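Under the working numbering, the first residue of the sequence shown carries the number 18, and numbering increases by one thereafter.
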Amino acid sequence: MRFPGDEDAAETREWLDALASLVQASGPERARFILDALQEASSMFARGAVLLLALEGQVSWT
18 MRFPGDEDAA ETREWLDALA SLVQASGPER ARFILDALQE ASSMFARGAV LLLALEGQVS
78 WT
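As structure tokens, this is what we get:
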């Protein structure tokens, strides 16, 4: 699968492969949950909220 304007097709392929593995290992419901969490995180990044929360110690990636 190719996406017009993709600046890093190899990275995109890695993400898509990881998603396929997640669906296979844990099912589509878990994959949807992860995608929703990623969408929320990306929205926070876009608003700069993650940086603010991280500075306040409210965000942990571990």
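Ideal Cβ placement from N, Cα and C applies to all residues, glycine included. Please read all numbers here as calculations on a predicted model, not as lab measurements.
Just so you know, the alpha carbons of residue 46 and residue 64 end up roughly 27 Å apart. Between residue 26 and residue 39, the C-beta spacing is not below 8 Å.
Boundaries of the alpha helix (DSSP H) harbouring residue 46: 45-64, taken from the DSSP string. Remark: C-beta atoms of residue 18 and residue 36 do not approach each other more closely than 8 Å.
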